[in-house]
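Here the structure comes first, spelled out in structure tokens, and everything after it is commentary.
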């Protein structure tokens, strides 16, 4: 029995796994941060709008990827030593095979003959395309292939196993330039009739197929017309929302959140998402300590989209811990996601003027976080800087600084006291002067008044104000 297990289970070295998919890398490439990923996974990450390294969350100075040939040779050697069934083994596909497949799929009279043979053929094509960029380009650019494969979605009576195989192929060639544009055109020409097949798989397909179909939907929502067509397809938004209550997979949640954010092009769609109770789902996701950073970023993106309508702002205000959950994620996600979080807080604390929301984030050191965001390279007049300034002002007033006599502690997210330079930039936006709580050192006088927009008698440093505690003088 033990010998059988040795054949069934293969220990894969962690170095050979992609940090995103956790599968053996077929085409390892490295980012400028030095971290290596599978090409298909990292391209999908970058094309989804991210500007950070998934593993380190560093902002990428360059999005160029460099093939890691040494690691690829090591993976191939390891694959050969574990037999031909290794996941790193590259499948082959001939032009004749694709030509026959296109001819078969293009024949509308062959629908009844679809069987496990066609499922196997489509799966083989998907595996081939996922191996690397050259394979993907070969499949995607093969004459008539994309139109033939998409045409299956517009047929009636196709078994769900075939539809799942179709989406595996489409998902595998999506990163290839021009594929999503072709898909979007086909959907538009059919007036959305293709979407009925997609809805069927979202309701009855396997988990992996659901994720792939949602990703395809997201990728073909290229312009306002395609987004409207998808969003207004009867029951499709509801089906997407239902996935969040029926499944717990973070990859599925991330795909759905990203898709819904893309589809939310007008107020009616956003209002419908609010009626679905999506704000509560997003809040739970942000509060969950096990939520991955990419999923948290997509949650903030969708929430910031919802916050642009009155119904969304009202729902965020009414969800007790939503603002608090958003504030907690600031500076722990990418720059773009942090901006989304600031936009959400600004919408409810400033635009809506919700006192309850201001109070809910009062104890979370939000002023310091917002202040750090404001000092993160945004020039004067930048909309993010303006939102941060508004937030600092209303949160400082809302906190009732000085009324309790306890003061406010200004800390960075990693528990370092923020620099005196950053703290001083807060003063012009406060409606009062500030007194230091610290025991004086050097030439700083105890209780010295720090006047906004005024030069101090002596410098303020992190050393002589090490506690970072200040109180206002009303």
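Numbering (full-length UniProt numbering), first residue to last: 1 to 474.
Note that CB positions come from ideal geometry on N, CA and C, so glycine has one too.
Query	Result
Quick one: what's got a C-beta closer than 6 Å to residue 361's C-beta in the same chain, skipping five residues either side?	323, 324, 327
Spatial neighbours of residue 480 within its chain, please: C-beta separation below 7 Å, excluding the five flanking residues on both sides.	A question about residue 480 goes unanswered here, because the residues of the chain that appear run from 1 up to 474.
Three-state secondary structure (DSSP) at residue 37?	strand
For residue 130, which residues of its own chain have a beta-carbon under 7 Å away from its beta-carbon, when the five flanking residues on both sides are left out?	26, 40, 172
Checking the sheet assignment: what are the DSSP bridge partners for residue 24?	17
Would you give the residue range spanned by the alpha helix (DSSP H) that residue 145 belongs to?	145-151
Over the uninterrupted alpha helix (DSSP H) stretch that includes residue 308, give me the two end residues.	That residue, residue 308, is in no alpha helix (DSSP H); it is neither H nor E in DSSP.
For the stretch 50-70 against the stretch 90-106, are there 3 or more C-beta pairs whose distance is under 8 Å?	no
State whether the stretch 250-266 contacts the stretch 220-228, with contact taken as three or more CB pairs (one from each stretch) at a distance under 8 Å.	yes
Return the CA-CA distance between residue 15 and residue 53, expressed in angstroms with no decimal places.	17 Å
Under a three-way DSSP split, which group does residue 248 fall into?	coil
For residue 256, tell me which candidate among 210, 289, 291, 277 has the shortest Cα-Cα distance.	210
Keeping to the same chain, check which residues put their C-beta closer than 7 Å to that of residue 165; ignore five residues upstream and five downstream.	119, 122, 123
Kindly indicate the opening and closing residues of the alpha helix (DSSP H) around residue 196.	195-204
Alpha carbon to alpha carbon, how far is residue 302 from residue 80?	44 Å
Less than 8 Å between the C-beta atoms of residue 105 and residue 149, yes or no?	yes
With a Cβ-Cβ cutoff of 8 Å, do residue 370 and residue 352 count as a contact?	no
Around the C-beta of residue 176, are 16 or more other C-beta atoms found within 10 angstroms, so that it is buried, or is it exposed?	buried
Is it true that the CB of residue 296 sits closer than 8 Å to the CB of residue 343?	no
Whole angstroms are fine: how far does the CA of residue 349 sit from the CA of residue 488?	Residue 488 lies beyond the range of the chain shown here (1 to 474); nothing can be said about it.
Go ahead and pull the three-state DSSP assignment for residue 100.	helix
Do residue 286 and residue 241 have their C-beta atoms closer together than 8 Å?	no
Under the assumption that residue 270 contacts residue 311 (Cβ atoms under 8 Å), give the Cβ distance between them as a whole number of angstroms.	7 Å
Judging by CA-CA distance, which residue of 143, 276, 268, 377 is the nearest neighbour of residue 243?	276
Only counting the same chain, and skipping five residues up and downstream in sequence, which positions put a Cβ closer than 6 Å to that of residue 267?	309
For residue 55 and residue 34, I'd like the C-alpha separation in whole angstroms.	10 Å
Looking at C-alpha atoms only, which residue of 315, 314, 248 is the closest neighbour of residue 292?	248
Helix, strand or coil: how does DSSP classify residue 56 here?	coil
I'd like to check one pair, residue 254 with residue 294: are the Cβ atoms closer than 8 Å?	yes
Could you name the residues of the same chain whose beta carbon sits closer than 6 Å to that of residue 281, not counting the 5 residues immediately before and after it, in chain order?	244
Between the Cα of residue 549 and those of 195, 396, 134, spot the shortest distance and give me the residue it belongs to.	Outside the displayed span of the chain (1 to 474) sits residue 549, for which this structure offers no information.
Thinking C-alpha only, which one of 186, 24, 213 is nearest residue 76?	24
Give the straight-line distance between the Cα atoms of residue 50 and residue 156, rounded to the nearest whole angstrom.	38 Å
Considering only residues of the same chain and omitting the five flanking positions on each side of residue 59, which have a CB-CB separation below 7 Å?	51, 52, 335
Can you look up residue 67 in the DSSP assignment and give me helix, strand or coil?	strand
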